[in-house]
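In my numbering, the protein residues as written are 3 to 451. Just so it is clear, CB atoms sit at the ideal spot from N, CA and C, and this is done for glycine as well.
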């Protein structure tokens, strides 16, 4: 798909619409409940407010979305960061509504819309297991598809189920621009339903991110045969892949990463200079730039706006805790942990690792055995969280020196004990609810774990 600077893609102009009385009442009720939830300290209120709105009017999401240019961002890893970066890019053109708190199920999307300004652009993080429903209800201007890997299998099942759901939903939404990761076979197959030759379709913008996690894409989602990876770099970034039996293969990207630059097919080269660390965030930024361009944002302005993002919902935040500087990192599944381990300070810097197995994490922590924890060798590791003992067992088998401490503040103090620097530096990596527990404990001085 080819871009022209400042040109709108194939979607038509969107005008604000007058909402039916039932929808307006539903939105007001939802806002009131959400406000009450925050007032009593029961939470941010996005989910409960959205549930109330949908209970009163089941079509509220579809009707409220009709007055907006919208982009839905989904995938297993990087959704929140990519959404934050994309929202920054869209803000260069005007007001933006986004679910920055991470409420990415349908009630959270409703809450984002009823709090946003009429006609504002909307950047919606959407849970990968609910993207098909969101596409059917929101009819987004564009969809950004990041990646698919194992996550909470006890809740959602095999990752190819998501790919199949995405494929069906996109096939039924011909007016939606699709921005897809060309280096993920599952995403490529799902986006392949958007045949640009079909009447009225906008087609796909392919982005080469250089994705490194391949453990969940060893079999072709189209025919079940083996995916073959060619280690030689292609002429448009990334490593080539193709099915050994059917035509499914890495498409030629319209934009791709070369080091810290995003290169466009028309020859433009954009230097991405983020305050967020690591290759994973370069990948997120590349996808966000492509998503912003699909909504008519100049890519240079998009990149400059992203350079000002310093932290995302607590991720990469640095806290001073009892004299130590603690950097917070989120990792929710094997692919995410593999990337988080790359961001750690080198040995012998200590690390605190936290694991919970709540509903939002997935009750089954067996995925711990797929994480390369042996890369933590050469440093002290403190295991914490509700399932910290399971994690300690995993570290023992990885032959990593470790100890267990259920209290987050004491875990940080224990990790910093052997550091001789005047202000010890500690990395804390945790999965979703453990991350939230740790952040609360370390910022409030209370107990966590």
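Option in 47, 437 and 142 with minimal Cα separation from residue 66: Counted from its first residue, the chain shown places residue 66 at position 64. Closest by alpha carbon: 142.
Helix, strand or coil at residue 454 according to DSSP, with G and I counted as helix: Since the first residue shown for the chain is 3 and the last is 451, residue 454 is missing from the structure and cannot be characterised.
Inter-residue spacing [alpha-carbon to alpha-carbon] between residue 390 and residue 101: Residue mapping note: residue 390 aligns to position 388 of the chain shown, counting from 1. Residue mapping note: residue 101 aligns to position 99 of the chain shown, counting from 1. Taking the straight line from one Cα to the other gives about 31 Å.
Rounded C-alpha distance that separates residue 341 from residue 256: In the chain shown, counting from the first residue as 1, residue 341 sits at position 339. In the chain shown, counting from the first residue as 1, residue 256 sits at position 254. Between residue 341 and residue 256, the C-alpha separation is close to 25 Å.
Beta-carbon gap between residue 298 and residue 352 smaller than 8 Å: In the chain shown, the residue the question calls residue 298 occupies position 296. In the chain shown, the residue the question calls residue 352 occupies position 350. No. Outside cutoff.
Segments assigned beta strand (DSSP E), at least 3 residues, entirely inside the segment 254-301: 257-260, 263-266 and 271-273
Assigned exposure category for residue 379 - 16 Cβ within 10 Å defines buried: Along the chain shown, one-based indexing puts residue 379 at 377. Label assigned to residue 379: exposed.
Cβ separation of residue 191 and residue 250, assumed to be a contact under 8 Å, to the nearest whole Å: As a first step, residue 191 must be located in the chain shown, where it is residue number 189. As a first step, residue 250 must be located in the chain shown, where it is residue number 248. So it is a contact: roughly 6 Å between Cβ atoms.
Under the three-state DSSP convention, the category residue 318 falls into: As a first step, residue 318 must be located in the chain shown, where it is residue number 316. Coil, per DSSP.
Reference residue 338, options 439, 268, 37 and 213, closest by Cα: What you label residue 338 is simply residue 336 of the chain shown in a count that begins at 1. It is 213.
Residue burial classification, residue 15 (beta-carbon count within 10 angstroms, cutoff 16): The sequence position of residue 15 within the chain shown is 13, counting from 1. Below a pLDDT of 50, predicted positions are generally treated as unreliable, and residue 15, at 36, falls in that range; the measurement from the model is reported next regardless. Classification for residue 15: exposed.
Residue 286 classed as buried or exposed, judged by whether at least 16 other C-beta atoms fall within 10 angstroms: Here residue 286 is taken as the residue at index 284 of the chain shown, counted from 1. By the neighbour-count rule (16 or more Cβ atoms within 10 Å), residue 286 is buried.
Whole-number beta carbon distance between residue 51 and residue 315, since they are thought to touch under 8 Å: For the purposes of this step, residue 315 is taken as residue 313 along the chain shown, with counting starting at 1. For the purposes of this step, residue 51 is taken as residue 49 along the chain shown, with counting starting at 1. That belief does not hold up - the Cβ atoms of residue 315 and residue 51 are roughly 19 Å apart, past 8 Å.
Beta-carbon spacing of residue 330, residue 83 below 8 Å: Translated into the one-based positions of the chain shown, residue 330 becomes position 328. Translated into the one-based positions of the chain shown, residue 83 becomes position 81. In this structure, residue 83 does not lie closer than 8 Å to residue 330 by Cβ.
Chain-order list of residues whose beta-carbon lies under 6 Å from that of residue 304 (same chain, five-residue window excluded): Working through the chain shown from its first residue, we reach residue 304 at position 302. Result list for residue 304: 91, 291 and 294, in chain order.
Cα-Cα separation, residue 2 to residue 22: This structure cannot settle anything about residue 2, because the visible part of the chain is limited to 3 through 451.
Pair within 8 Å by beta-carbon distance, residue 230 and residue 246: Walking along the chain shown from the start, residue 230 turns up at place 228. Walking along the chain shown from the start, residue 246 turns up at place 244. Going by C-beta atoms, residue 230 is nearer than 8 Å to residue 246.
Contact check, residue 281 vs residue 209, beta carbons under 8 Å: By one-based count along the chain shown, residue 281 stands at place 279. By one-based count along the chain shown, residue 209 stands at place 207. Not closer than 8 Å, so no.
Beta-carbon spacing of residue 429, residue 346 below 8 Å: In the chain shown, counting from the first residue as 1, residue 429 sits at position 427. In the chain shown, counting from the first residue as 1, residue 346 sits at position 344. Contact flag set, yes.
Residue ranges of each alpha helix (DSSP H) within the segment 120-172, 4 or longer: 133-140 and 155-158
Opening and closing residue of the beta strand (DSSP E) in which residue 370 lies: Against the chain shown, residue 370 aligns to sequence position 368. No beta strand (DSSP E) contains residue 370, which DSSP labels as neither H nor E.
CB of residue 78 within 8 Å of CB of residue 283, strictly: The residue labelled residue 78 in the question sits at position 76 within the chain shown. The residue labelled residue 283 in the question sits at position 281 within the chain shown. Cβ distance not < 8 Å, so residue 78 and residue 283 don't count as in contact.
Length of the line joining the Cα atoms of residue 436 and residue 186: Numbered from 1 along the chain shown, position 434 holds the residue referred to as residue 436. Numbered from 1 along the chain shown, position 184 holds the residue referred to as residue 186. Each residue's alpha carbon lies about 28 Å from the other.
Straight-line Cα distance separating residue 36 from residue 42: To locate residue 42, count along the chain shown from 1; it is residue 40. To locate residue 36, count along the chain shown from 1; it is residue 34. One C-alpha to the other measures close to 10 Å.
Beta-ladder partner(s) of residue 244, from DSSP: Start at 1 with the first residue of the chain shown, and residue 244 comes out as number 242. 230 and 251.
Neighbourhood of residue 165 by C-beta distance below 7 Å, restricted to the same chain and skipping five residues each side: The residue given as residue 165 occupies position 163 in the chain shown. Around residue 165: 150, 188, 191, 192 and 223.
Inter-residue spacing [alpha-carbon to alpha-carbon] between residue 184 and residue 325: Residue numbering aside, residue 184 sits at position 182 when the chain shown is read from its first letter. Residue numbering aside, residue 325 sits at position 323 when the chain shown is read from its first letter. Their backbone Cα atoms lie some 45 Å apart in a straight line.
is_contact[residue 50, chain D] using C-beta, thresh 8 Å: Within the model displayed, chain D is absent; a lone protein chain is all it includes.
Boundaries of the beta strand (DSSP E) in which residue 347 is found, first to last residue: Within the chain shown, residue 347 is the residue found at index 345, counting from 1. Where residue 347 is concerned, there is no enclosing beta strand (DSSP E), given that its DSSP letter is neither H nor E.
Candidates 113, 148, 132 and 268, of which the one nearest residue 124 by Cα: Start at 1 with the first residue of the chain shown, and residue 124 comes out as number 122. Here the closest residue by C-alpha is 113.
Selection from 373, 80, 24 and 161 that minimises the alpha carbon distance to residue 126: Reading the chain shown from its first residue, position 124 is the one you call residue 126. Checking every option, the nearest Cα to that of residue 126 belongs to 80.
Host alpha helix (DSSP H) of residue 398 (start-end): Locating residue 398 in the chain shown gives position 396, where the first residue counts as 1. Where residue 398 is concerned, the enclosing alpha helix (DSSP H) stretches over 390-399.
Minimum C-alpha distance to residue 225 - residue among 56, 170, 162 and 71: The residue you call residue 225 lines up with position 223 of the chain shown. Among 56, 170, 162 and 71, the Cα nearest to that of residue 225 belongs to 162.
Exposed unless 16 or more other CB atoms sit within 10 angstroms - verdict on residue 264: Within the chain shown, residue 264 is the residue found at index 262, counting from 1. Buried, by the Cβ-count rule.
Local conformation of residue 359 per DSSP, three classes: Within the chain shown, the letter at position 357 stands for residue 359. In the structure shown, residue 359 sits in coil (DSSP, three-state: anything other than H, G, I, E or B).
Identity of the residue in 136, 93 and 20 nearest residue 307 by Cα: Locating residue 307 in the chain shown gives position 305, where the first residue counts as 1. Ranking the options by Cα distance to residue 307, first place goes to 93.
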